[in-house]
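What follows is a short report on a single structure.
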Amino acid sequence: MGGLKPRTLSRRFMQETGMSFSRWRQQARVIRSLEALSAGMPVANVANECGYDNVSAYIAAFRQRFGITPGLYFT
1 MGGLKPRTLS RRFMQETGMS FSRWRQQARV IRSLEALSAG MPVANVANEC
51 GYDNVSAYIA AFRQRFGITP GLYFT
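For what it's worth, UniProt numbering labels the leading residue of the sequence shown as 1, then goes sequentially.
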């Protein structure tokens, strides 16, 4: 795929996955966080490890994906 313009790559990604790259990345980060949460890592540490700028952004992304907060997910 070398030499593709960013817009072309973006369209192809959307066609193949059904979502934008940023949406896919957000979901991948939230799903990746499940392992750390299940190991008992504090939510703030999980947010930081998964690349979120702040805990609120992580909690909002988690809630959007799973419908509950990370603190309630494993209770």
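Using N, Cα and C, we set each Cβ at its ideal position, and we do this for glycine too. This one's a predicted model, so the numbers in the text were calculated from it and none came from an experiment.
Exercise for review: Determine the contact status of S38 and F13, defining contact as a CB-CB distance below 8 Å.
Suggested key: Between S38 and F13, the C-beta spacing is not below 8 Å.
Review point. Could you give the distance in angstroms between the alpha-carbon of I68 and the alpha-carbon of P6?
Key: Here the alpha carbon of I68 sits roughly 34 Å from the alpha carbon of P6.
**Study point:** chain D contact for L4 (CB, 8 Å cutoff)
**Key:** Looking for chain D here will not work: only one protein chain is present.
Point to revise | the segment 57-65 / the segment 28-43 touching (three or more Cβ pairs under 8 Å) | key: By the Cβ test, the segment 57-65 is in contact with the segment 28-43, since at least three Cβ pairs between them sit closer than 8 Å.
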